[in-house]
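Numbering (our numbering), first residue to last: -18 to 201.
Heads up, the beta-carbon is just placed ideally off N, CA and C, and yes, glycines get one too.
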């Protein structure tokens, strides 16, 4: 089985512990770069991969958690900026692009709506939201957001995301006995927390629209 087939197998089975051990520093850097820098990377395991890596580093896996955090932070920032320039150079054509195996217009539209609501801070907030984090820098580029502002928020967001996830896993591994035997539960919890902002936003919008939908229609 070649390297690509191995990677696809590990992603398909969601065996993140095996993926971390197989990928090492270079492989995890490429995964984080692809998730944040390439629009087909939205399916890659970002949060759960980072927490798993931190947890395994605390259990004796030959990974230096500080070197890992530094490398992955660089990968996240470079990926974000790559995506920004793809959007900036492609412009509105991104929104007219045909659907394909690796491109979903609805993801771009969701990121655009999030960007419209939250402005520049989207670049930080989106880091903690699966799928949105892949497409938010693309939308920022299409919108021609000031690059220095984007770069500042990109570095802040990338640093906060990588280190919070890696150190969370490392802290749990160091201070919660037996947590490594229940890594699936940890990953499920991380995924739930990651999608929680989206669920809260959807619920708020639904509640805001409820008074209008409950009003009786006025006969003509």
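C-beta atoms of residue i and residue j nearer than 7 Å
i: residue 23; j: residue 112; result: yes
i: residue 30; j: residue -3; result: yes
i: residue 133; j: residue 117; result: no
i: residue 139; j: residue 57; result: yes
i: residue 39; j: residue 154; result: yes
i: residue 28; j: residue 171; result: yes
i: residue 98; j: residue 107; result: no
i: residue 131; j: residue 47; result: no
i: residue -9; j: residue -1; result: yes
i: residue 105; j: residue 137; result: yes
i: residue 50; j: residue 147; result: yes
For residue j and residue i, believed in contact at Cβ under 8 Å, the rounded distance
i: residue 143; j: residue 53; result: 5 Å
i: residue 20; j: residue 119; result: 6 Å
i: residue 2; j: residue 42; result: 7 Å
Quiz item: Is there contact here, the region 57 to 71 with the region 33 to 48, by at least three beta-carbon pairs under 8 Å?
Solution: no
Self-check item: alpha helix (DSSP H) runs contained entirely in the region 37 to 71, provided each spans 4 or more residues
Solution: 46 to 71
Practice problem: For the region 68 to 77 and the region 108 to 128, state whether three or more C-beta atom pairs, one from each stretch, are separated by less than 8 Å. | Solution: yes
Quiz prompt | Segments of 3+ residues assigned as beta strand (DSSP E) that fall wholly inside the region 92 to 120 | solution = none
Quiz item: Could you give the uninterrupted runs of the alpha helix (DSSP H) lying entirely in the region 121 to 180, keeping only those of 4 residues or more?
Solution: 128 to 156
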